[in-house]
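K.L.:
In my numbering, the protein residues as written are 322 to 592.
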């Protein structure tokens, strides 16, 4: 009986200590902080590249002071912090949420720009895979989405301070997409799918007129039409090619039967 009473007493003591907070979760250090203090602390964490902590504080600011001007800035900074921490999905979700909630915000152009940057950075290594991976194994979805995001910014906010950089990135992305199409055309040619190669090269002519890839696209068309026995198309394309690129490197490459022309860009002679 005495043993049972001891157990009961111990239980009561533990419950009492629990009520005093000994076993409670760690207290919220931000409790009672003003919006200004929360914003200041969150910004300090952001500048220190402590992105996870910055996001926590900005989210706390938004939930505690949802109707203040700091809340809108917090939403923008959350998107930026996710972007810097390379969490693409969360960054894009935060951007889309802000644009939906504040379509007329004075700085909404930055969020369109950030959406482009998020996708742009996802494809930064896009051209690096050329010598390591078959071109058909990767669909440049991020490249197209980055281009679309920058284009939307340029269209909606032509006077934005982010427009010049967006235009420069769009030019780069056009060349990246054209380069991808070239590698797909090469892929088809190597495997004897000459009609598919010619059609892919023709697509480059139609969609990426200002790209340097036009030169090789024409050459692929010449070689593909030749293999298909389409003499008239081959001759017409060859005339256009020689008129526009009289000193093309591909002309010499085409004369070297022992060396495959589509390996021209490869530094080690293989692809």
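Glycine residues also receive a C-beta, built at the ideal position from the N, C-alpha and C atoms. All values derive from a computational prediction rather than experimental measurement.
Is residue 312 helix, strand or coil by DSSP?
P.N.:
With the chain covering 322 to 592 only, the question about residue 312 has no answer from this structure.
K.L.:
With a threshold of 7 Å on Cβ separation, who are the neighbours of residue 430 within its own chain once the five nearest residues in sequence on each side are excluded?
P.N.:
Correct list, in chain order: 474, 478, 481 and 483.
K.L.:
How about residue 468 and residue 432: are their beta carbons less than 9 Å apart?
P.N.:
No, these two residues do not count as a Cβ contact at 9 Å.
K.L.:
DSSP on residue 397, reduced to helix/strand/coil?
P.N.:
It is helical.
K.L.:
Is there contact here, the region 530-544 with the region 489-509, by at least three beta-carbon pairs under 8 Å?
P.N.:
At 8 Å Cβ cutoff, the stretches touch.
K.L.:
Buried or exposed, going by whether 16 or more other CB atoms sit within 10 Å of the CB of residue 384?
P.N.:
Residue 384 should be labelled exposed.
K.L.:
Hey, is the region 561-572 in contact with the region 517-532, meaning 3+ C-beta pairs nearer than 8 Å?
P.N.:
Counting Cβ pairs under 8 Å, fewer than three are found: no touch.
K.L.:
For residue 461, count neighbouring Cβ atoms within 10 angstroms of its own Cβ and tell me buried if that reaches 16, exposed if not.
P.N.:
Residue 461 comes out buried.
K.L.:
Starting from residue 491 and walking both ways along the alpha helix (DSSP H), at which residues does that stretch end?
P.N.:
Start and end: 484-511.
K.L.:
Would you kindly work out how many angstroms separate the C-alpha atoms of residue 515 and residue 369, rounded to a whole number?
P.N.:
For residue 515 and residue 369, the distance between alpha carbons rounds to 55 Å.
K.L.:
Would you mind giving the Cβ-Cβ distance between residue 366 and residue 382, rounded to the nearest angstrom? I have them listed as a contact below 8 Å.
P.N.:
Not quite, the Cβ-Cβ distance comes to about 12 Å (not below 8 Å), so this is no contact.
K.L.:
For residue 558, is the classification buried or exposed, using 16 other Cβ atoms within 10 angstroms of its Cβ as the cut-off for buried?
P.N.:
Residue 558 should be labelled buried.
K.L.:
When the Cα of residue 359 is compared with those of 572, 372, 371 and 392, which residue comes out closest?
P.N.:
Among 572, 372, 371 and 392, the Cα nearest to that of residue 359 is on 392.
K.L.:
Rounded C-beta distance between residue 487 and residue 434? I'm assuming under 8 Å.
P.N.:
Indeed, because the Cβ distance is near 6 Å, the residues count as touching under 8 Å.
K.L.:
Given a threshold of 16 other Cβ atoms within 10 Å of its Cβ, counted over all protein chains shown, does residue 422 qualify as buried or as exposed?
P.N.:
Under this definition residue 422 is an exposed residue.
K.L.:
Indicate the three-state DSSP secondary structure (helix, strand or coil) for residue 441 in the structure shown.
P.N.:
Note: residue 441 maps to helix in three-state DSSP.
K.L.:
Residue 406 and residue 439: beta carbons closer than 9 Å?
P.N.:
No.
K.L.:
Would you check if the distance between the CB atom of residue 542 and the CB atom of residue 522 is smaller than 9 Å?
P.N.:
Yes, they are a contact pair.
K.L.:
Just the Cα atoms here: how many angstroms apart are residue 570 and residue 397?
P.N.:
Residue 570 and residue 397: Cα-Cα distance of roughly 49 Å.
K.L.:
CB residue 510 to CB residue 545, shorter than 9 Å?
P.N.:
Yes; because the gap between Cβ atoms is below 9 Å, this pair is in contact.
K.L.:
How many angstroms separate the CA atom of residue 399 from the CA atom of residue 505?
P.N.:
The alpha-carbon atoms of residue 399 and residue 505 are separated by roughly 38 Å.
K.L.:
Within 10 angstroms of the Cβ of residue 470, are there 16 or more other Cβ atoms? Answer buried if so, exposed if not.
P.N.:
Burial call: buried.
K.L.:
Run the CB neighbour count on residue 437, radius 10 Å, all protein chains shown included, and call it buried at 16 or more, exposed below.
P.N.:
Burial call: buried.
K.L.:
Our contact map puts residue 394 next to residue 403 with C-beta atoms below 8 Å; I'd like the distance itself, whole angstroms only.
P.N.:
With 8 Å as the limit, residue 394 and residue 403 do not qualify as a contact, their Cβ atoms being about 15 Å apart.
K.L.:
Mapping DSSP to helix, strand and coil, what is residue 415?
P.N.:
Here residue 415 sits in helix by DSSP.
K.L.:
Could you give the DSSP three-state label for residue 480: helix, strand or coil?
P.N.:
Three-state DSSP puts residue 480 in coil, outside helix and strand.
K.L.:
Can you find the residues in the same chain that come closer than 6 Å, C-beta to C-beta, to residue 413, ignoring five residues on each side of it along the sequence?
P.N.:
Cβ neighbours of residue 413 beyond the five flanking positions: 439.
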